[in-house]
Amino acid sequence: KHIADLGQYAALFKDPEEPSKGRFYNCPAGWTCELENSEMLKSYGLEKSYTNFRPGTGPALDAAVLSSYKRGEPILFYYWSPTPLMGQVDLVKLEEKPGVDKSVSIKVGLSRTFHEQAPELVAVLEKANLPIDLLNQNLGRMTKERIESPKLAKIFLKEHPEVWQAWVSADAAKKINAAL
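Count along the sequence shown from 1, then add 496; that gives the number in this note's numbering.
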C-alpha cells in the first residue's frame, strides 16, 4: 500500500539483468520525473534493493507496462496522469509518506480577445472539471477504439451528463441534450 513497504517485495519485481534486486521502471533519462523518482528511491532507502531502470523513451515504458500487464506479471513503475495508458489498465497507486503531496493544479489560459468576446464560454471553462479517473478512461478508450476527439466528445456528453451539466445553465443543458 505504501512506497515504504516496497523493500520487502523486491523479489516480486525481479530485475532480469540484476536478479538480486527488483526493477523499478522510472521515467526516461533526463525527464523531470526521472530525477524526482531517483531522489524518491534514495529517500525511501530503496536504491539498495531496486535497480533504477530508465527506459529510453516514453513509448518504451508504455510497452514494458502493457506487456507485463497483459501477461499478468508484476511490474513496478512510475507513471503520470492524465494519459491513455492510465485508462487502459487497472493499477494500484502506492501511497507516499504522510505530508507528501504531489498533486498538480491545471490552469486554463485564454487570450484577452477570447475572454472579452465569449464570456459565456469563459463561464463554462471556469466551472469545467473532469475527474481524473474518468479522463483517463476516456483517453484510454480513445486510443483503444481509435475514436477521434469530436466523436468521443459527443459520446462523453451522452454518457456523462452528471459531469458536464454542472458547467452550463439548465437552458443550455436542455439545448445540448436535444442536439445529441
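Where is the CB? At the ideal position from N, CA and C, for every residue including glycine.
Pair within 8 angstroms by beta-carbon distance, residue i and residue j
i    : j    : result
P578 : N625 : no
I571 : Y521 : yes
G503 : P524 : no
I499 : E592 : yes
M638 : L648 : yes
Q661 : A674 : no
L621 : K650 : no
F573 : L557 : yes
Boundaries of the alpha helix (DSSP H) in which residue i is found, first to last residue
i    : result
N673 : A666 to A675
F549 : Taken as a continuous stretch (DSSP letters only), F549 belongs to no alpha helix (DSSP H), being part of the beta strand (DSSP E) at Y546 to F549.
F652 : S645 to E655
H611 : R608 to Q613
V561 : G554 to R567
Q633 : I628 to K640
Proximity winner among the options, relative to residue i (alpha-carbon distances)
i    : options                   : result
G605 : V596, Q613, V618 and P594 : V618
L630 : P515, L581 and L508       : L581
C529 : G554, D501 and A666       : G554
V561 : Q613, S607, K544 and R519 : R519
P680 : G541, E569 and L531       : Since the displayed the chain opens at 497 and closes at 676, residue 680 lies outside it and no answer follows.
Host beta strand (DSSP E) of residue i (start-end)
i    : result
G518 : E514 to Y521
Rounded distance between the beta-carbons of residue j and residue i, thought under 8 angstroms
i    : j    : result
W576 : K623 : Incorrect: roughly 25 angstroms between the Cβ atoms, too far for contact.
Test: residue i CB closer than 8 angstroms to a CB of chain B
i    : result
N533 : This model lacks chain B altogether, as it is built from one protein chain only.
Between the region 576 to 586 and the region 549 to 567, can you find at least three pairs of beta-carbon atoms closer than 8 angstroms?
The region 549 to 567, when compared against the region 576 to 586, does touch it at the 8 angstroms Cβ threshold.
How about the region 596 to 610 and the region 540 to 553: do they share at least three Cβ pairs that are nearer than 8 angstroms?
A contact is defined here as three or more CB-CB pairs under 8 angstroms, and the region 596 to 610 fails this definition with respect to the region 540 to 553.
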